[in-house]
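Undergrad: Here the protein sequences line up with chains A and B, keeping their order. Heads up: the first sequence at position 228 corresponds to 239 in the working numbering, and the numbers run straight through without jumps. Heads up: the second sequence at position 76 corresponds to 133 in the working numbering, and the numbers run straight through without jumps. Quick reminder that beta carbons are idealized off the backbone N, C-alpha and C, glycines included. Shown below is the structure under consideration.
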Amino acid sequence: MIEFEHVAFKYPQAEEEAIKNINITINDGEWVAILGHNGSGKSTLAKLTNGLLMPTEGSISVNGLELTEEHLWKIRRIVGMVFQNPENQFVGTTVLDDVAFGLENLGISRENMQRRIIDSLDTVGMSEYKLHEPFRLSGGQKQRVAIASVLAIMPEIMIFDEATTMLDPVGRRELIRLIQDLHKSSDLTFLSITHDMNEAILADRIIVLNDGELWFEGKPSSLLEKSDELEKVGLLPPLITDLTDKLRKNGVNITTQPLNYEELVKQLWILHSKM
Amino acid sequence: MDITFKNVSYIYQKNSPFEQRALEDINVQLPSGSFVSVVGHTGSGKSTFIQHLNGLLEPTEGVVQVGPYELSPEKNKHLKGLRKNVGMVFQNPDHQLFEETVQKEMMFGPKNFGINVTGTELENVIKDVGLDLDILSRSPFDLSGGQKKRVAIASVLVLKPKVLILDEPTAGLDPLGKYKMMELFSHLHKSQQLTIILVTHHMEDALKYSDQMMVMNKGKVVLIDHPLNVFKRKEYLKEIGLALPEKIELIEILQKELNLTIDDAGQSVDELAKSIGDWVKEGSGS
Ligand SMILES: Nc1ncnc2c1ncn2[C@@H]1O[C@H](COP(=O)(O)OP(=O)(O)O)[C@@H](O)[C@H]1O
Ligand SMILES: Nc1ncnc2c1ncn2[C@@H]1O[C@H](COP(=O)(O)OP(=O)(O)O)[C@@H](O)[C@H]1O
Ligand SMILES: [Mg+2]
Ligand SMILES: [Mg+2]
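Laid out in structure tokens, this is it:
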């Protein structure tokens with residue numbers, strides 16, 4: 012569980028706070044998507060969660076541990092993070108080393124370690140590249156390796172900070188499916204910072220930041236009901252919502268906000284049959 | 058400027074155990090003034106391909122011709138002239154930013170290439186990419202990822218290039234910012250006959266904006282055609298790990314689930330909504 016209580020953060024040189032009086036609770040096993048315009052404070056929020064930044068006001072706790080110098084290392088074991096820019100995250104000279112690095116201090120057996128490395132590289136489709144140098148990979152491949160490194164650690168809480176931006180759509184879909192599976196089969200708590208509305212609406216809950224403040228918190232379908240306000244905060248409705256809005260304008264009486272095409276098609280069929 | 062690749066291959070770390078053939082015998086012609094989308098699976102060679110367009114990489118074999126400039130394994134002289142005309146926005150803005158302030162960052166290129174940029178022009182570019190003017194005095198390193206990306210784009214646009222190379226330029230931009238940025242590129246393309254080569258994973262954008270799509274797979278160009286024709290090859294695209302634009306997927310679903318046939322002819326969402334609305338209202342005619 013992650014708890015933010017009246018949290019504010021200001022970068023030393025900055026005039027304005029990047030995070031302003033935020034109160035949120037993320038529950039165990041929950042999948043929360045965080046949306047918001049560029050510069051709205053998403054990465055700052057993520058870095059506050061594992062103590063890469065310390066709040067200037069308020070308090071943060073992870074699994075009941077308050078975020079202080081003393082608990083920092085414990086908290087970093089609980090929270091695994093994949094950054095926007097994977098390059099800043101590589102430490103090993105080969106892909107294999109890189110994934111192994113994070114596992115070294117976990118006190119797990121050699122065989123177990125090896126299996127986790129191979130499994131996680133397999134999962135992201137990068138086994139072929141295990142002896143390559145991480146910084147000589149293509150952008151999307153780098154992101155896959157960074158993701159594998161965190162998957163191998165199997166943290167209780169995983170934060171992806173725009174970790175899929177450079178993946179091709181198929182790769183991204185596969186990864187999302189993997190996260191969905193992990194999410195279902197384990198207690199994984201997953202925070203995904205993303206600009207992909209289609210990805211966000213798969214989450215249990217969505218948080219939207221705007222200029223460092225909490226602008227929305229709730230179910231994906233409630234966010235989509237506000238589709239005409241999204242532009243104000245740098246977002247746009249996904250195609251399914253845009254289409255639903257336009258169908259309604261064309262006199263098609265869609266009652267429940269569909270989250271996917273299956274739901275939309277069902278409603279269309281019923282309306283068509285009634286005519 | 059016309060762009061021609063003749064039998065171009067590129068090998069990373071040639072003659073080492075890590076030798077990696079990233080381009081294999083590429084032959085393409087991209088006429089001046091076109092808007093080309095380059096798509097392909099991660100690692101298919103897109104970034105390697107476009108880095109040949111401004112001489113960042115030199116072909117291991119073959120010849121690249123960009124307007125009057127020629128690049129081959131042997132001779133590559135006029136790189137500065139080439140780079141003045143061919144602007145490139147990198148996939149990762151961190152590779153592009155290095156000055157103390159955004160203002161200096163923006164003026165670095167113009168100074169280097171002897172291009173005069175007025176204060177108004179500078180301000181307009183900043184606004185065009187969706188940034189506030191007060192960003193000019195900030196350090197590019199203290200910006201969020203998306204803000205950095207915008208600065209990187211602005212610092213290339215300010216050079217008024219004739220060819221604009223964009224490597225996933227909207228990755229990391231918020232949805233509204235992404236939309237506006239694509240509209241900006243499209244406007245520049247139409248109003249100034251700017252040649253645009255766009256590397257993208259967004260099939261929607263490839264469909265909406267480009268007049269040619271170049272599909273890469275394992276270092277080769279496997280398809281090059283109008284987007285609507287490329288997307289007719291659904292099975293093949295799936296085979297090489299590519300997705301279809303969401304709109305085309307939707308049209309497929311309507312066909313399959315509702316037996317409602319709509320031709321994918323690049324319709325707007327409004328047009329799609331109208332066709333679907335008509336079908337609903339027409340009813341099952343019982
Ligand atoms: N190192 C830094 N120093 C000063 N300001 C920063 C720094 N990093 C980010 N900021 C500013 O803090 C705000 C929030 O940034 P960030 O959390 O990175 O946004 P997001 O991830 O939502 O795009 C932005 O206005 C950004 O310019
Ligand atoms: N600097 C490099 N050194 C060695 N191999 C590289 C380097 N950059 C890319 N590659 C390899 O070349 C191939 C093509 O990469 P790239 O052109 O970046 O692909 P894309 O942009 O389509 O994702 C990939 O297999 C990648 O691993
Ligand atoms: Mg960020
Ligand atoms: Mg690339």
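What I want to know is whether the C-beta of residue 253 of chain A ends up closer than 8 Å to one or more non-hydrogen atoms of ligand 3.
TA: Incorrect: residue 253 of chain A has no Cβ contact closer than 8 Å to ligand 3.
Undergrad: Where do the N-terminal and C-terminal ends of the beta strand (DSSP E) with residue 87 of chain B fall, by residue?
TA: From DSSP, the beta strand (DSSP E) with residue 87 of chain B extends over 77–87.
Undergrad: Any residues in the segment 148–161 of chain B with a beta carbon nearer than 8 Å to a beta carbon of chain A? Which ones, in chain order?
TA: Listed by position, the residues of the segment 148–161 of chain B near chain A (Cβ gap below 8 Å) are 148, 149, 151.
Undergrad: Would you identify the three-state DSSP class for residue 37 of chain A, choosing helix, strand or coil?
TA: DSSP places residue 37 of chain A in strand when its eight states are reduced to three.
Undergrad: In chain B, which residues lie with their C-beta within 7 Å of the C-beta of residue 226 of chain A?
TA: Result: empty, since nearest Cβ-Cβ is about 13 Å, beyond 7 Å.
Undergrad: Does residue 305 of chain B have its Cβ less than 9 Å from a Cβ in chain A?
TA: Answer no: the Cβ-Cβ gap between residue 305 of chain B and chain A never drops below 9 Å.
Undergrad: For a test of your reading of the model: does the CB of residue 211 of chain B fall under 8 Å from any non-hydrogen atom of ligand 2? Yes or no.
TA: Residue 211 of chain B: no, Cβ never under 8 Å from ligand 2.
Undergrad: Can you tell me where the beta strand (DSSP E) holding residue 133 of chain A begins and where it ends?
TA: Element bounds for residue 133 of chain A: not the beta strand (DSSP E) but the alpha helix (DSSP H), 121–134.
Undergrad: Relative to the C-alpha of residue 58 of chain B, which residue among B/270, B/159, B/140 is closest?
TA: Of B/270, B/159, B/140, the residue nearest in Cα terms is B/140.
Undergrad: Along chain B, which residues have their Cβ under 8 Å away from the Cβ of residue 54 of chain A?
TA: Simply 201, 202.
Undergrad: For residue 182 of chain B, which residues in the same chain have their Cβ closer than 6 Å to its Cβ, ignoring the five residues on either side in sequence?
TA: Same-chain partners within the cutoff: 211, 214, 215.
Undergrad: Could you please give the first and the last residue of the uninterrupted alpha helix (DSSP H) stretch that includes residue 138 of chain B?
TA: Looking at the DSSP string, the run of the alpha helix (DSSP H) that includes residue 138 of chain B is 136–142.
Undergrad: Count the other CB atoms, across all protein chains shown, that sit within 10 Å of the CB of residue 130 of chain B; report buried if there are 16 or more and exposed otherwise.
TA: Counting Cβ neighbours within 10 Å, residue 130 of chain B comes out exposed, since fewer than 16 surround it.
Undergrad: Taking the beta strand (DSSP E) that residue 45 of chain A falls in, what are its first and last residues?
TA: Segment 42–47, the beta strand (DSSP E) holding residue 45 of chain A.
Undergrad: Can you give me the C-alpha to C-alpha distance between residue 21 of chain A and residue 30 of chain A, rounded to a whole angstrom?
TA: Distance between the alpha carbons of residue 21 of chain A and residue 30 of chain A: 7 Å.
Undergrad: Output, in sequence order along the chain, the residues in the segment 232–250 of chain B whose CB is closer than 9 Å to any CB in chain A.
TA: So the close ones are 232, 233, 234, 235, 236.
Undergrad: Within 8 Å, do at least three Cβ pairs link the segment 309–327 of chain B to the segment 263–282 of chain A?
TA: With the cut-off at 8 Å, the segment 263–282 of chain A and the segment 309–327 of chain B touch.
Undergrad: Check whether the Cβ of residue 224 of chain B lies closer than 8 Å to any heavy atom of ligand 4, and answer yes or no.
TA: Residue 224 of chain B: yes, Cβ under 8 Å from ligand 4.
Undergrad: For residue 278 of chain A, report the span of its alpha helix (DSSP H) as first-last.
TA: Residue 278 of chain A -> alpha helix (DSSP H) spans 272–285.
Undergrad: Relative to the C-alpha of residue 68 of chain B, which candidate in B/96, B/151, B/190, B/276 has its C-alpha closest?
TA: The shortest Cα separation from residue 68 of chain B among B/96, B/151, B/190, B/276 belongs to B/276.
Undergrad: Among residues of its own chain, excluding the 5 on either side of residue 189 of chain A, which ones have a beta-carbon nearer than 8 Å to its beta-carbon?
TA: The answer, listed in chain order, is 134.
Undergrad: Return yes when the C-beta of residue 6 of chain A is under 8 Å from any heavy atom of ligand 1, and no when it is not.
TA: The structure shown does not extend to residue 6 of chain A, since chain A spans only 12 to 286, so no value can be given for it.
Undergrad: At a Cβ threshold of 9 Å, is residue 333 of chain B touching chain A?
TA: True, the Cβ-Cβ gap to chain A drops below 9 Å.
Undergrad: Would you say the beta carbon of residue 23 of chain A comes nearer than 8 Å to a heavy atom of ligand 1?
TA: Answer for residue 23 of chain A: yes, Cβ within range of ligand 1.
Undergrad: Any C-beta of chain A within less than 7 Å: which residues of the segment 106–135 of chain B qualify?
TA: Listed in sequence order: no entries.
Undergrad: Can you list the residues of chain A that residue 99 of chain B reaches, using a CB-CB cut of under 7 Å?
TA: Going along chain A in sequence order, the residues near residue 99 of chain B (Cβ under 7 Å) are 149, 151, 152, 178, 179, 182.
Undergrad: Please classify residue 84 of chain A as buried or exposed, where buried requires at least 16 other C-beta atoms within 10 Å of its C-beta.
TA: With fewer than 16 other Cβ atoms within 10 Å, it is exposed.
Undergrad: How many angstroms separate the CA atom of residue 259 of chain A from the CA atom of residue 206 of chain A?
TA: Each residue's alpha carbon lies about 26 Å from the other.
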